[in-house]
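What the sequence shown shows, in the numbering used here, is residues 11 to 249, in sequence order.
Here the structure is laid out as structure tokens; the discussion comes afterwards.
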Amino acid sequence: MRLSVRSPVGHTSPVNTLTNLRETSPKLLMVGAGGHARVLQELLAEAGIALSGYVAPAEGGCLLEGELERIDESALVDGGFSATDYLLVNGLGSAGPTTVRAAVFAKLKAAGFNFLQVEAQSAVVSASAVLSEGVQVMHRAVVHSDAIVDDNTIVNTGAIVEHHNRIGANCHIAVGAVLCGQVSVGRGTHIGANATVLQGVKIGENCIIGAGAVVTKDVPDNHTAVGVPAVSKANGGSK
């Protein structure tokens with residue numbers, strides 16, 4: 011896992027990466043305990059970092075390995091846990107409603123907690139790219155020159171974010187998706203697995219780009235685009 015420190019969009023202080031994690035030694039908690047959380051647990055283990063516990067409801071089940079303490083979200087926020095002693099990893103993926111990951115991130119940020127930025131060892135991230143708080147770049151993903159990826163966004167396995175892309179907060183660039191140069195993606199948007207977005211295309215906020223779609227022209231806010239070439243239709247409002 012990469013050890014460089016990157017500054018978040020619009021801020022001058024570094025985000026939490028493995029470098030300052032080792033310097034400050036907070037306890038690390040995974041938010042969620044499903045498949046995405048398990049993948050992140052393995053990425054952390056590759057860097058020699060172990061979880062102290064996880065945050066999830068009792069009835070949700072757990073795919074994480076090891077004997078880990080479970081903490082209810084309400085207990086984390088209201089139960090006397092110090093935000094300076096704990097650092098969070100957002101293990102919620104996009105299997106359920108896409109607003110859930112964003113809402114949990116916002117709630118825990120409002121409670122004073124911070125989120126770790128994760129880059130897999132096999133990811134390729136340009137030195138000129140800017141990744142914000144909680145961004146996750148998974149195995150064999152690429153983030154190229156001068157790209158900006160805002161808070162709490164996932165660049166999933168094998169996805170490519172080309173040069174000068176602007177990716178908003180709370181997005182999911184799914185497995186194998188390709189965003190060509192100078193693409194912009196609004197906050198809360200899901201780019202489906204193996205989708206391709208051609209150079210210079212602008213995708214709005216709260217959009218869904220279907221798996222395998224080829225997007226050749228701009229997509230307005232709150233639209234779903236599917237097909238080759240992709241055709242977009244209003245999705246009825248915010249996801």
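Every residue gets a Cβ at the ideal spot worked out from N, C-alpha and C, and that includes glycine.
Remember, predicted model here, so these are calculated numbers, not experimental data.
Cα separation between residue i and residue j?
i, j, result
"Ala244", "Asn232", "6 angstroms"
"Met11", "Gly210", "A caution first: Met11 carries a pLDDT of 48, below 50, which makes its placement in the model unreliable, though a value can still be read off. Computed Cα separation, rounded: 31 angstroms."
"Val153", "Pro67", "34 angstroms"
"Arg111", "Glu56", "24 angstroms"
"Glu77", "Gly101", "17 angstroms"
"Ala254", "Thr234", "In the structure displayed, the chain extends from 11 to 249; residue 254 sits before or after that span and is not available."
"Ala223", "Ala93", "41 angstroms"
"Val159", "Cys181", "9 angstroms"
"Asn124", "Ala116", "10 angstroms"
"Gly90", "Ala121", "11 angstroms"
"Thr163", "Ile183", "8 angstroms"
"Asp228", "Cys217", "11 angstroms"
Only counting the same chain, and skipping five residues up and downstream in sequence, which positions put a Cβ closer than 6 angstroms to that of residue i?
i, result
"Thr226", "Leu208, Pro239"
"Val241", "none"
"Ser155", "Ser136, Ser138, His173"
"Ala187", "Ala169, Ile201, Ala205"
"Ala203", "Ala184, Val185, Gly186, Ala221"
For residue i, which of helix, strand or coil comes out of DSSP?
i, result
"Leu189", "strand"
"Val211", "coil"
"Ala235", "strand"
"Val145", "coil"
"Ser242", "strand"
"Thr167", "coil"
"Thr199", "coil"
"His154", "coil"
"Lys37", "strand"
"Ser194", "strand"
"His173", "coil"
"Thr206", "strand"
Excluding the 5 residues preceding and the 5 following residue i in the sequence, name in chain order all residues of the same chain whose CB lies nearer than 8 angstroms to its CB.
i, result
"Leu39", "Leu61, Ser62, Gly63, Tyr64, Val65, Ile81, Leu86, Tyr96, Leu97, Leu98, Val99"
"Lys37", "Ser62, Gly63, Asp95, Tyr96, Leu97"
"Gly58", "none"
Between residue i and the rest of its own chain, which residues show a CB-CB distance below 7 angstroms, the 5 nearest in sequence each way excluded?
i, result
"Pro191", "According to the sequence displayed, residue 191 carries Gly and not Pro. For Gly191, where only same-chain residues beyond five positions count, the Cβ hits under 7 angstroms are Glu172, His173, His174, Gln209."
"Thr167", "Met148, His149, Arg150, Ala151, Val185"
Tell me the start and end of each unbroken beta strand (DSSP E) in the segment 74-132 that is at least 3 residues and wholly inside, in chain order. 79-81, 96-100
Is it the case that the segment 71-79 contacts the segment 32-52, given that we only count it when at least three CB pairs across the two stretches are under 8 angstroms? yes
3-residue-minimum beta strand (DSSP E) runs that sit fully inside the segment 44-76, ordered along the chain: 63-65
The segment 142-152 in contact with the segment 76-84 per 3-pair CB rule at 8 angstroms: no
Are at least three pairs of beta-carbons, each pair with one atom in the segment 174-184 and one in the segment 192-204, less than 8 angstroms apart? yes
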